[in-house]
Amino acid sequence: MREILESVALDKLSTVIAAVRKLDTLQSSHLPSVSIQLLGNISLRGIDPFLKYHLYASGIKPMLTFGGFDTIRQDLFSLEGSDDKEGTDLTVLALDLESFDPRSRLPNWSERDTWEELLGLFEFAARKVQGLIVVNTFPLPCSKEAGFSSSVLTDDATAKTRDLNQKIITFVKKHDSQFQLVDWEYFARILGEEKSFDYRYNYLYHAPFANPFLNLFGLELTKLARAIKGRTKKCLVLDCDNTLWGGVVGEDGIDGIHLDPNDYPGKAYYDFQISLLHLFDRGIMIALCSKNNEAEVMDVLECHPHCLISKTHLVGKKINWLDKVTNLTELADDLNLSLEHLVFVDDNPFECEMVRTLLPDVTVLQVPEHLYEFPNLLYQQGLFDSISVSEEDRERTRMYHLEAKRENLYEASAGLSQYFESLEMVAEIGPATEGQISRIAQLTQKTNQFNFTTHRYLETDIKGFLNSPIHAVFTLSAHDRFGSLGLVGVIIAKNEARSIRVDTFLMSCRALGRGLEYIFLKKVIGDLQKSWDTCGLLKAQFVPTKKNIHLENFWPSLGLARRGQSEDIVDYSCDLSEIQIEDVDFIKTVLT
Amino acid sequence: METRIRSVMSSVLGIDQGMIVETTSFGVIEAWDSMNHMLLMLALEEEFGIEFSDEELGSLKDFKSIYLALVEKNDPVKPE
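For the record, the sequence lines run as chains A and B. Letter by letter, the first sequence follows residues 1 to 592 in the working numbering. Letter by letter, the second sequence follows residues 1001 to 1080 in the working numbering.
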């Protein structure tokens, strides 16, 4: 089905017709169907291929019936008493103003009289039809009977048609449970005369509209069909780099990405974010799915002066280094949505293709090559259009927020270890070398968060420890499949009468939260027990500061007991044989 | 050019290209009714980037006359 849909060029009618003919013969009983009855006072058959194409492309099987030419009332009458009780889903009244009321072409036309007639027809239809009734506005006349383009001075046909349209719009708003509007005046405005009307076919076949107009008409009816068949998309999932902003935050930094509305391409991304705000306001859920470091992305959302999307707009996020297929599947699961409710936007053709292939239910939109087309991407597609927006829609993101938070707690236990496993972390642990002295000294001087004693040392101090028979200095360097973290951990130990005293134990922030600290400590203690032939106690200290206070339970959690406290120093110790440090399976250890 | 006309006709009317001969015409082929005639004219106009006059729209109702009209409209210097 996908290949057939992709063979279509919407500006080549023959490709649309050929594709639709193939799709009609395809086995598509698994698709939900929509029945649409098209009644009108013009020839409407030209819309058939376009309407069918858009419906098939939305995963809906079209069941179209066409009324006779200019026999609306008769067609509506014949509905009465028919056993078609479930009724059609959509009844389209496609009305051309001139055919509906030929007086509209004459001077002194009274649009009020026309409105009375129209209202009569609408009410008649409302009594006869079960499903939704779709009516249209009228395109404004292209030729001006007064000659001037301005209708300010004269009450010309343009002004009257506008008034009439306003009456139609007001009526539909008031009866929106049964009526929907297709705004022909808008189609004609954006397409222009040449692409909207074909006068030859109007005179010869009563088919006034050119193909681009019929295409828009078909797309608009498809949006309505999607909405009533629950095929409207519910959640927009966005990549970050070169999608939510320009550039790569991991490389360019928060100050280097493009999002400034006073710059190009910054403004294109900024305007795209505005379209997101509109969707958010209509209750569309927004989520992120990107390969980044989560902290950097959140930093942009919270701190970038031009970033309009913030944490509060999101119902979920998968910011990690897993593939997007896994992430999208999980995201849909988390949100209790099926994949067909998702629209995924990414700039990377590889990612887009992977999702299209492996998750065909997800609608994939690629960031256009020309960035100036980007801000309109979501509007044009109309994938999220629903018939009405309720208060509940607007509240939806908030409700999901609460739920998503809860689920994250569960996820933290199961999902994380999988994630860490996929990182393929390797820890290199061993005695410090000469070449590491300056980095070690630097770390003792500036590490605050994961540093139990905050003893600050100079290079000469470290050199002294290396040459001391009763001291040992160990380092931890780590890398994963994304690259090296460098030297990120230091332990300085002292041999105190066959006991091991941990003088310094520190870890760089960027290495935390992965279990590296445990594996590091365990290896060092094991190594020292052998080389120093110790058999006594493990002694440690905790010197609380404002920044390391979260470490206060670390030593007790390993089985060390509190031995005393003096001048803000807490002493811990335990028998070396009793220390409990669990293994961390997903880290491979290399001794250097 | 003949091939392109056949291809468009086959797409729009849903008939085999092999079935289209010089005398294939409106009414004789069941699918070629007034509704499909309009679509066929539109599709041919798009395919060849030309516009038929109102008279032609009414008279081009068999393969041969369509072919001749298109030959005439196309630049005769540029062979297809």
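Here a beta-carbon is modelled for each residue, glycine too, at the ideal position from N, C-alpha and C.
At least 3 beta-carbon pairs within less than 8 Å: the segment 494-501 of chain A vs the segment 476-486 of chain A: With a cut-off of 8 Å on Cβ pairs, the segment 494-501 of chain A is not in contact with the segment 476-486 of chain A, counting fewer than three such pairs.
Cα separation between residue 503 of chain A and residue 256 of chain A? If you number the first sequence from 1, residue 503 of chain A lands on position 503. If you number the first sequence from 1, residue 256 of chain A lands on position 256. Their backbone Cα atoms lie some 41 Å apart in a straight line.
Name the two residues that bound the continuous alpha helix (DSSP H) containing residue 355 of chain A. Counted from its first residue, the first sequence places residue 355 of chain A at position 355. Counting along the chain, the alpha helix (DSSP H) containing residue 355 of chain A begins and ends at 349-358.
Between the CA atoms of residue 296 of chain A and residue 52 of chain A - distance to the nearest angstrom: By one-based count along the first sequence, residue 52 of chain A stands at place 52. By one-based count along the first sequence, residue 296 of chain A stands at place 296. Residue 52 of chain A and residue 296 of chain A: Cα-Cα distance of roughly 45 Å.
Nearest candidate by alpha-carbon position, reference residue 291 of chain A, set A/172, A/348 and A/262: Position 291 of the first sequence, counted from the start, is the residue given in the question as residue 291 of chain A. When only C-alpha atoms are compared, the closest one is A/348.
Closer than 8 Å between beta carbons: that is the criterion. Which residues of the segment 1016-1040 of chain B meet it against chain A? Per Cβ criterion, the list reads 1034, 1035, 1038 and 1039.
Closer than 9 Å at the beta carbon, the chain B residues around residue 211 of chain A: Numbered from 1 along the first sequence, position 211 holds the residue referred to as residue 211 of chain A. Those within 9 Å of residue 211 of chain A in chain B are 1042 and 1046.
Could you tell me whether the Cβ atoms of residue 95 of chain A and residue 136 of chain A are closer together than 8 Å? As a position in the first sequence, residue 95 of chain A is number 95, starting the count at 1. As a position in the first sequence, residue 136 of chain A is number 136, starting the count at 1. Their beta carbons are under 8 Å apart, which means residue 95 of chain A touches residue 136 of chain A by this criterion.
Looking at the C-beta of residue 1011 of chain B, does it have a partner C-beta in chain A at a distance below 8 Å? Counting from 1 along the second sequence, the entry for residue 1011 of chain B is found at position 11. Chain A contact via Cβ: present.
Nearest residue (CA-CA) to residue 130 of chain A, options A/587, A/104, A/36 and A/45: Along the first sequence, one-based indexing puts residue 130 of chain A at 130. Answer by Cα proximity: A/36.
Below-8 Å beta-carbon distance, residue 68 of chain A vs any chain B residue: Working through the first sequence from its first residue, we reach residue 68 of chain A at position 68. False, the Cβ-Cβ gap to chain B never drops below 8 Å.
Using a Cβ cut-off of 7 Å, which residues of the segment 17-33 of chain A contact any Cβ in chain B, in chain order? From the segment 17-33 of chain A, only 17, 18 and 21 have a Cβ closer than 7 Å to chain B.
Counting only Cβ pairs nearer than 9 Å, list the residues of chain B close to residue 56 of chain A. Position 56 of the first sequence holds residue 56 of chain A. The contacting residues do not exist; residue 56 of chain A stays about 16 Å from chain B at best.
Does residue 245 of chain A come out as helix, strand or coil in the three-state DSSP assignment? The sequence position of residue 245 of chain A within the first sequence is 245, counting from 1. Residue state, collapsed to three classes: strand.
Can you grab the Cα-Cα spacing for the pair residue 174 of chain A / residue 282 of chain A, in whole Å? Taking the first residue of the first sequence as position 1, residue 174 of chain A is located at position 174. Taking the first residue of the first sequence as position 1, residue 282 of chain A is located at position 282. Annotation: residue 174 of chain A to residue 282 of chain A spans about 20 Å, alpha carbon to alpha carbon.
Beta-carbon neighbours of residue 1060 of chain B, restricted to chain A and to distances below 9 Å: Position 60 of the second sequence, counted from the start, is the residue given in the question as residue 1060 of chain B. Simply none; closest approach about 12 Å.
Is the beta carbon of residue 587 of chain A sitting closer than 8 Å to the one on residue 559 of chain A? Within the first sequence, the letter at position 587 stands for residue 587 of chain A. Within the first sequence, the letter at position 559 stands for residue 559 of chain A. Cβ distance not < 8 Å, so residue 587 of chain A and residue 559 of chain A don't count as in contact.
At a CB distance below 8 Å, what residues from the segment 171-188 of chain A approach chain B? Give them in sequence order. Going along the segment 171-188 of chain A in chain order, one finds no residue with a Cβ nearer than 8 Å to chain B.
Selected residue, minimal CA-CA separation from residue 474 of chain A, among A/448, A/449 and A/520: To locate residue 474 of chain A, count along the first sequence from 1; it is residue 474. Per the Cα distances, A/520.
When you compare only the Cα positions, how much space is there between residue 1021 of chain B and residue 10 of chain A? Here residue 1021 of chain B is taken as the residue at index 21 of the second sequence, counted from 1. Here residue 10 of chain A is taken as the residue at index 10 of the first sequence, counted from 1. Rounded to whole angstroms, residue 1021 of chain B and residue 10 of chain A show a C-alpha spacing of 28 Å.
Given that residue 11 of chain A touches chain B, what residues does it touch there, using C-beta distances under 9 Å? As a first step, residue 11 of chain A is located in the first sequence; it is residue number 11 there, counting from the start. Chain B residues near residue 11 of chain A: 1046.
Determine the contact status of residue 500 of chain A and residue 458 of chain A, defining contact as a CB-CB distance below 8 Å. Start at 1 with the first residue of the first sequence, and residue 500 of chain A comes out as number 500. Start at 1 with the first residue of the first sequence, and residue 458 of chain A comes out as number 458. No, these two residues do not count as a Cβ contact at 8 Å.
Does DSSP classify residue 1045 of chain B as helix, strand or coil? For the purposes of this step, residue 1045 of chain B is identified with residue 45 of the second sequence, where counting begins at 1. In this structure, DSSP gives residue 1045 of chain B a helical state, which the three-state scheme calls helix.
Whole angstroms are fine: how far does the CA of residue 122 of chain A sit from the CA of residue 237 of chain A? Numbered from 1 along the first sequence, position 237 holds the residue referred to as residue 237 of chain A. Numbered from 1 along the first sequence, position 122 holds the residue referred to as residue 122 of chain A. Rounded to whole angstroms, residue 237 of chain A to residue 122 of chain A spans 40 Å at the Cα level.
Tell me, to the nearest whole angstrom, how far the beta carbon of residue 596 of chain A is from that of residue 308 of chain A; I am working on the premise that it is less than 8 Å. Absent from the structure is residue 596 of chain A, since the part of chain A shown begins at 1 and ends at 592.
Applying the 10 Å Cβ sphere with the 16-neighbour rule, what's the burial state of residue 201 of chain A? Start at 1 with the first residue of the first sequence, and residue 201 of chain A comes out as number 201. Classification for residue 201 of chain A: buried.
Look up residue 112 of chain A in the DSSP assignment and say whether it is helix, strand or coil. Position 112 of the first sequence, counting from 1, holds the residue named residue 112 of chain A. Look at residue 112 of chain A here: in three-state DSSP terms it is helix.
I want to see whether chain B comes within less than 8 Å of residue 94 of chain A, judged by CB atoms only; does it? Here residue 94 of chain A refers to the residue found at position 94 when the first sequence is read from its first residue. For residue 94 of chain A, the answer is no, since every Cβ of chain B falls outside 8 Å of its Cβ.
Determine the burial state of residue 187 of chain A: buried for a count of at least 16 other Cβ atoms within 10 Å of its Cβ, exposed for fewer. Residue mapping note: residue 187 of chain A aligns to position 187 of the first sequence, counting from 1. Residue burial annotation: residue 187 of chain A is buried, with at least 16 other C-beta atoms found within 10 angstroms of its C-beta.
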